[in-house]
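According to this note's numbering, the sequence shown is numbered sequentially starting from 13.
See structure below.
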Amino acid sequence: MCKHKNAILRGDASILVDQGDEEEMIHALQVVNKTVIPAKLADLDRRLNEIEKEKKRINSQFNAKAKELKKEFAAVLFGAPAR
């Protein structure tokens, strides 16, 4: 979903090009808020946060392995002890 639609669904009408549409947008938001869309957006946010945390964890593991490999590579090339 694009950032504009996402902002509108979350109640941010400030991104509208024509501020005259704000009243119509508020009405549309009131209609949307009576549906399952807000709950689905909250679930999507929760899942995205979980994915971001997992991504950080995986990146940390990757970086640690890359550091180990770099040391091993240096040991092979330059005879430095692998640590």
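Virtual Cβ for every residue (Gly too), placed ideally from N, Cα, C.
Just so we're clear, the structure is a prediction, and the values are computed from it rather than from any experiment.
{"Asked": "When DSSP labels each residue in this structure, what does R69 get in the three-state scheme?", "Found": "helix"}
{"Asked": "Roughly how far, in whole angstroms, is the beta-carbon of L21 from the beta-carbon of L53, given that I think they are within contact range, below 8 Å?", "Found": "6 Å"}
{"Asked": "Apart from the five residues on each side of it in sequence, which residues of its chain come closer than 8 Å, Cβ to Cβ, to G32?", "Found": "none"}
{"Asked": "DSSP on M37, reduced to helix/strand/coil?", "Found": "helix"}
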